[in-house]
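A short write-up of the structure that comes next.
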């Protein structure tokens, strides 16, 4: 028995609490709020201090490189290990830890290969030399990715142990260090190439992730390094074959999912101008803030909850899954409808307030209007796919992979066609159509899954009072056309804002009265029995 096994993880919930969606969502929401909210505030400053070309590099090109490398390297392992039937809880043995970590460590060599391949591809595609500042920045970004991958097995272990506060602290500190590093370099070293500045700030983020997880397990949880790297001579190939196969299956799926998730940026970098890249980067960072703050942690917590619930043998398993899926879809639909109702009519005002007239009078405000329509389908797709991936069998996952390949081809074709005709707005439209196709596929799966049970219906997912939100949306659009004057912005904005605020309060009152039990349940974030 190792020291790790003798340490009782105080944060690990009891078995009855493992499927608690509210508790998991609370910590993931806090994590995303701090790790995404800090960059959002910082982004409002940096946009005003960068050229459009530099902002395109920061918001689109480097972001795309880092996301591709990390997503392909670790996403499959994260998905599979959360489904693993390895009970890491109070009294877990060293054998339990080793079974998970041996498979989780496979993500590192895979990630190194993908990082090297990514760097070589960018060098070849851009025709770079090692002396070019852009090339040096790519290499620094690659190093930052490797630092994060060195911490990946410990991240997986912490998520399996439900050490949610650890992720909250580590990611918040890492995000803060990235922003502070970038601020110091931009203000004090004005002659440094901006690409190098962005890359060094990403390296600071990766270093904090690495140091945070390793320090916690070695210093505060009394694990030995041999516990965290459980490979022994003569037993190198002794690992969970079924879990590793599931990791490979999800990793293959991640290639297709990456095209669907980041395909628009790939097409944007390949075909469009730095200006349109900057516009899309600005709108994506602003419009997707709600996605990162709310929908992303909700999707992760929903997946965890569905997977834990589906792995049991309870006679009420179908009923519990149906209830949790209904609540999850109702919540994301409610949030999405709010943005659909009020987002389009206040997009111009938001960009004008945050980034100035230079950006608001261009294509950015129009693109943000369409992004508000995209948010609701993105929310529905994330939750429905989380359910599919959590409860599907291996054969069903393979069929899902094949469907993702078809959707990927359609999606790329739509991106290429629409970007040539309507620029950055075309990417948002292509994304929306792609999400609708994926929602339809997931909806068919969900219908078949509950075909012998009455515990779920799609009609029950629609929140009461949705009509008042749509009426509010029409009213605020009329208010923008009638009252908002771009030349006399501040006085006319006050009138427009008051009208929108009045309709928002009215909608909130009506929805709360009709959905009071559901909303109270969400607000309470109950930490005990579901």
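In the working numbering, the protein residues as written are 98 to 627. The C-beta atom is built at its ideal place from N, Cα and C for all residues, glycine as well.
Taking 8 Å as the cut-off, does the segment 529 to 538 touch the segment 555 to 564 (at least 3 CB pairs, one atom from each stretch)?
no
The alpha helix (DSSP H) enclosing residue 408, as first and last residue numbers:
Here residue 408 refers to the residue found at position 311 when the chain shown is read from its first residue. Looking at the DSSP string, the run of the alpha helix (DSSP H) that includes residue 408 is 393 to 408.
With DSSP as the reference, label residue 381 as helix, strand or coil.
Within the chain shown, numbered from 1, the residue matching residue 381 stands at position 284. Residue state, collapsed to three classes: helix.
One question on the structure: do residue 125 and residue 481 come within less than 9 Å of each other, judged by their Cβ atoms?
For the purposes of this step, residue 125 is identified with residue 28 of the chain shown, where counting begins at 1. For the purposes of this step, residue 481 is identified with residue 384 of the chain shown, where counting begins at 1. No, they are not a contact pair.
Can you tell me which of the three DSSP states residue 227 falls into?
If you number the chain shown from 1, residue 227 lands on position 130. Per DSSP, reduced to three states, the secondary structure at residue 227 is coil, with no helix or strand assignment.
Is residue 299 helix, strand or coil when you go by DSSP?
Stepping through the chain shown from its first residue, residue 299 is reached at position 202. Residue 299 falls in the helix class under three-state DSSP.
State the Cα-Cα distance for the pair residue 440 and residue 522, rounded to the nearest angstrom.
Reading the chain shown from its first residue, position 343 is the one you call residue 440. Reading the chain shown from its first residue, position 425 is the one you call residue 522. Rounded to the nearest angstrom, the two C-alpha atoms are 16 Å apart.
Skipping 5 residues on each side, what residues in its chain have a beta carbon closer than 6 Å to that of residue 261?
Residue 261 sits at position 164 when you count from the first residue of the chain shown. Within the same chain, residue 261 has close Cβ partners 124.
Just to confirm, are residue 278 and residue 135 a CB contact at a threshold of 9 Å?
Here residue 278 is taken as the residue at index 181 of the chain shown, counted from 1. Here residue 135 is taken as the residue at index 38 of the chain shown, counted from 1. Result no, Cβ atoms of residue 278 and residue 135 do not sit closer than 9 Å.
Have a look at residue 175 and residue 234 and give me their C-alpha separation to the nearest angstrom.
Here residue 175 corresponds to residue number 78 of the chain shown, with the count starting at 1. Here residue 234 corresponds to residue number 137 of the chain shown, with the count starting at 1. Approximately 28 Å, taken between the alpha carbons.
Cα-Cα separation, residue 642 to residue 393:
Summary: the structure shown does not reach residue 642, with the chain confined to residues 98 through 627, and so no result is reported for it.
Just to confirm before moving on: does the CB-CB distance between residue 151 and residue 362 stay below 9 Å?
Stepping through the chain shown from its first residue, residue 151 is reached at position 54. Stepping through the chain shown from its first residue, residue 362 is reached at position 265. Going by C-beta atoms, residue 151 is not nearer than 9 Å to residue 362.
Could you spell out where the alpha helix (DSSP H) holding residue 158 opens and where it closes?
Taking the chain shown and counting its residues from 1, the one referred to as residue 158 is at position 61. First-last for residue 158: undefined, no H or E at that position.
With H, G and I counted as helix, E and B as strand and the rest as coil, what does DSSP make of residue 445?
Residue 445 sits at position 348 when you count from the first residue of the chain shown. If DSSP states are grouped into helix, strand and coil, residue 445 belongs with the helices.
Report yes or no: do the segment 544 to 553 and the segment 510 to 530 share at least 3 C-beta pairs separated by less than 8 Å?
no
Please classify residue 458 as buried or exposed, where buried requires at least 16 other C-beta atoms within 10 Å of its C-beta.
Here residue 458 refers to the residue found at position 361 of the chain shown. With fewer than 16 Cβ atoms within 10 Å of its Cβ, residue 458 is classed as exposed.
Burial state of residue 347 (16 or more Cβ within 10 Å):
The residue given as residue 347 occupies position 250 in the chain shown. Counting Cβ neighbours within 10 Å, residue 347 comes out buried, since at least 16 surround it.
Using C-beta distances below 6 Å, list every residue in its chain close to residue 208, excluding the 5 sequence neighbours before and after it, in chain order.
To locate residue 208, count along the chain shown from 1; it is residue 111. Answer for residue 208: 170, 246, listed in chain order.
Give the straight-line distance between the Cα atoms of residue 613 and residue 566, rounded to the nearest whole angstrom.
Taking the first residue of the chain shown as 1, we reach residue 613 at position 516. Taking the first residue of the chain shown as 1, we reach residue 566 at position 469. The alpha-carbon atoms of residue 613 and residue 566 are separated by roughly 17 Å.
Okay, do the segment 599 to 618 and the segment 460 to 479 touch, 3+ Cβ pairs below 8 Å being the bar?
no
Let's see if you can read the secondary structure: which residues bound the alpha helix (DSSP H) around residue 575?
Residue 575 sits at position 478 when you count from the first residue of the chain shown. Residues 563 to 580.
Which of the three DSSP states, helix, strand or coil, is assigned to residue 321?
For the purposes of this step, residue 321 is taken as residue 224 along the chain shown, with counting starting at 1. Assigned with DSSP and collapsed to three states, residue 321 falls in coil, not helix or strand.
Are the Cβ atoms of residue 573 and residue 600 separated by less than 9 Å?
Here residue 573 refers to the residue found at position 476 of the chain shown. Here residue 600 refers to the residue found at position 503 of the chain shown. Yes, these two residues count as a Cβ contact at 9 Å.
Among 218, 325, 420, 503, which residue has its Cα nearest to the Cα of residue 201?
Taking the chain shown and counting its residues from 1, one reaches residue 201 at position 104. Taking only the C-alpha atoms, the option nearest residue 201 is 325.
Beta carbon of residue 230, beta carbon of residue 293: below 9 Å?
If you number the chain shown from 1, residue 230 lands on position 133. If you number the chain shown from 1, residue 293 lands on position 196. In contact: residue 230 and residue 293 (Cβ atoms closer than 9 Å).
Mind checking residue 631: buried by the 16 CB within 10 Å criterion, or exposed?
Only positions 98 to 627 of the chain appear in the structure, and residue 631 is not among them; the question remains open.
Please confirm if the segment 422 to 434 is in contact with the segment 575 to 595, defined as three or more CB-CB distances below 8 Å between the two stretches.
No: the two stretches stay apart, fewer than three of their Cβ pairs being nearer than 8 Å.
Using 9 Å as the threshold, is the C-beta distance between residue 425 and residue 180 below it?
As a first step, residue 425 must be located in the chain shown, where it is residue number 328. As a first step, residue 180 must be located in the chain shown, where it is residue number 83. No, the pair does not count as a contact, with Cβ atoms beyond the cut-off.
Quick one: is residue 316 near chain C, going by C-beta distance under 9 Å?
Structure shown: chain C not included; a single protein chain is present.
Give me the Cα-Cα distance between residue 528 and residue 358, rounded to the nearest whole angstrom.
Along the chain shown, read from residue 1 onward, the residue named residue 528 stands at position 431. Along the chain shown, read from residue 1 onward, the residue named residue 358 stands at position 261. Each residue's Cα considered, the two are about 9 Å apart.
Backbone secondary structure at residue 583 - three-state DSSP
Here residue 583 corresponds to residue number 486 of the chain shown, with the count starting at 1. Residue state, collapsed to three classes: coil.
Between residue 443 and residue 384, what straight-line distance do the alpha-carbon atoms span, to the nearest angstrom?
In the chain shown, counting from the first residue as 1, residue 443 sits at position 346. In the chain shown, counting from the first residue as 1, residue 384 sits at position 287. Distance between the alpha carbons of residue 443 and residue 384 is about 12 Å.
Between the beta-carbon of residue 232 and the beta-carbon of residue 374, is there less than 9 Å?
For the purposes of this step, residue 232 is taken as the residue at position 135 of the chain shown. For the purposes of this step, residue 374 is taken as the residue at position 277 of the chain shown. The answer is no: Cβ separation not under 9 Å.
Buried or exposed for residue 381, going by 16 or more other Cβ atoms inside 10 Å?
Your numbering for residue 381 matches position 284 in the chain shown. Buried.
For residue 524 versus residue 364, is the C-beta spacing smaller than 9 Å?
Here residue 524 refers to the residue found at position 427 when the chain shown is read from its first residue. Here residue 364 refers to the residue found at position 267 when the chain shown is read from its first residue. Yes, these two residues count as a Cβ contact at 9 Å.
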